[in-house]
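So the structure is just underneath, and the comments pick up after that.
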Amino acid sequence: KSTINAKTILEQFVAAPFMRQMLAGARQSGPIKGFPLRTDFATAPVTGPHLLLVGEAAGLVNPVTGEGVDYALESGKLAAAQLSHCFTAGDFSATALAGYETALRERFQELFVFSSRIRDWYINGPVLNRLVYVANQRDNIRELFTDIVLGNADASRATSLKTLSQIAFTL
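Just so you know, the working numbering puts 75 at position 64 of the sequence shown, and the rest follows in order with no gaps.
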């Protein structure tokens, strides 16, 4: 079983020299609590017979940022449009609801696959430190990753030869 949990991460963060100095005299006022967020949209089904999942229930929580309110609102809008068709047809079968899953995949699949890869590949000490360093040196890299995570840019741009070479060779 992994020993990495919210409590351990917070304790390590607070123990870092900069934070220890910044929090001198502070004290914890209650227990540390954390709850898992569903971030598995890229691999999880979101429809079934007489069933549509929206927002966090559909795994629409960004794997990098933990953000998801806008995804919830947009998935709700797509669900409402699909349900309108289902009510008109009187059909709520898995086949009738499949258009919703198609619409969600077209809108979010690439972003969530990319964000999951970012989480898995980049969220480790040395790589993340390098990425933050480069983002602080190069506005275009910082803006690119921000736009990708917010869903405003094509996720594949992060793995282009140009982007990867800028990350690797920025001094």
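We put the beta carbon where it would ideally sit given N, CA and C, even for glycine.
Quick caveat, the model's predicted, so the values are computed rather than measured.
query: Cβ neighbour criterion (16 or more within 10 Å) applied to Gln39; result: exposed
query: Which of helix, strand or coil DSSP assigns to Leu84; result: helix
query: Cβ-based burial, Gln93 [other Cβ within 10 Å; buried from 16]; result: buried
query: Per-residue burial, Pro74 [other beta carbons within 10 Å of its own, 16 or more giving buried]; result: buried
query: According to DSSP, residues forming a beta bridge with Thr58; result: Leu63
query: Cβ-based neighbour list, Ala53, same chain, cut-off 7 Å, excluding 5 preceding and 5 following; result: Gln120, Phe123, Val124 and Ser127
query: Reduced DSSP category for Ala164 - H, G, I as helix; E, B as strand; rest coil; result: coil
query: Identity of the residue in Phe156, Leu182 and Gly162 nearest Thr170 by Cα; result: Phe156
query: Cβ pair Ala105, Thr58 closer than 8 Å; result: yes
query: DSSP-derived helix/strand/coil call for Gly110; result: helix
query: Sufficient close CB pairs (3 or more, under 8 Å) joining the segment 66-82 to the segment 93-102; result: no
query: Proximity below 8 Å, CB of Gly70 to CB of Ala55; result: yes
query: Reduced DSSP secondary structure (H/G/I, E/B, other) of Ser8; result: Because the chain here runs from 12 to 182, residue 8 falls outside it and cannot be looked at.
query: Ala164 versus Met33: straight-line alpha-carbon distance, rounded; result: 36 Å
query: Nonlocal neighbours in the same chain, by C-beta distance under 6 Å from Tyr82, ignoring five residues either side; result: Leu71
query: Endpoints, the alpha helix (DSSP H) within which Leu142 is located; result: Gly136 to Gln148
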